[in-house]
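Sequential numbering from 83 applies to the sequence shown in my numbering.
By construction, the Cβ of each residue, glycine as well, lies at the ideal position given by its N, Cα and C atoms.
Being a predicted model, the structure only gives us computed values, none of them experimental.
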Amino acid sequence: MKYLVTGGAGFIGSNIVRELVKRGDYVRVLDNMAAGKEENLAPFADKIDLQKGDIRNVEDVKKAVEGIDHVLHHAASGMSLKVSRIPSLQVK
Numbered sequence: 083m084k085y086l087v088t089g090g091a092g093f094i095g096s097n098i099v100r101e102l103v104k105r106g107d108y109v110r111v112l113d114n115m116a117a118g119k120e121e122n123l124a125p126f127a128d129k130i131d132l133q134k135g136d137i138r139n140v141e142d143v144k145k146a147v148e149g150i151d152h153v154l155h156h157a158a159s160g161m162s163l164k165v166s167r168i169p170s171l172q173v174k
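Written out as structure tokens, the structure reads:
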């Protein structure tokens with residue numbers, strides 16, 4: 083299977099990526115690296131497709147989902163504010 087893991091460079095996302103890689107699945111990661119760290123992906127960096135981008139950017143998402151069977155969404159802003167009131171958190 084082909085998976086896209088959003089937020090895949092974060093703590094939870096990178097653990098999911100590791101397990102998918104162990105299973106032999108194709109894994110693409112979409113992460114803006116605001117909270118995620120490339121070092122979380124270092125042990126299997128040669129086995130994944132890392133795309134630096136933002137889930138709020140439609141073009142980044144369109145590119146990331148191309149050819150993907152399943153999306154595992156683990157990207158987050160880390161804030162507990164009302165998203166509808168924060169223009170920068172709106173999809174562009």
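Integer Cβ distance of residue i from residue j, believed to fall under 8 Å
i: HIS152; j: THR88; result: That belief does not hold up - the Cβ atoms of HIS152 and THR88 are roughly 12 Å apart, past 8 Å.
i: ARG100; j: PHE126; result: 6 Å
i: LEU112; j: TYR85; result: Not really, about 11 Å apart at Cβ, beyond 8 Å.
i: ARG110; j: ALA158; result: Incorrect: roughly 18 Å between the Cβ atoms, too far for contact.
i: GLY135; j: ASN122; result: Their Cβ separation, rounded to whole angstroms, is 17 Å, which puts GLY135 and ASN122 out of contact at 8 Å.
i: LEU132; j: ILE98; result: So it is not a contact: roughly 14 Å between Cβ atoms.
Counted within 10 angstroms of its Cβ, other Cβ atoms place residue i as buried (16 or more) or exposed
i: ALA91; result: buried
i: GLY149; result: exposed
Reduced DSSP category for residue i - H, G, I as helix; E, B as strand; rest coil
i: ASP151; result: coil
i: ARG138; result: coil
Own chain residues within Cβ distance below 8 Å of residue i, not counting five before or after
i: MET83; result: ASP107, TYR108, ASP151 and HIS152
Proximal residues to residue i (C-beta, below 7 Å), its chain only, five neighbours per side dropped
i: LYS119; result: ALA91
i: ASP142; result: LEU112, GLY135 and ASP136
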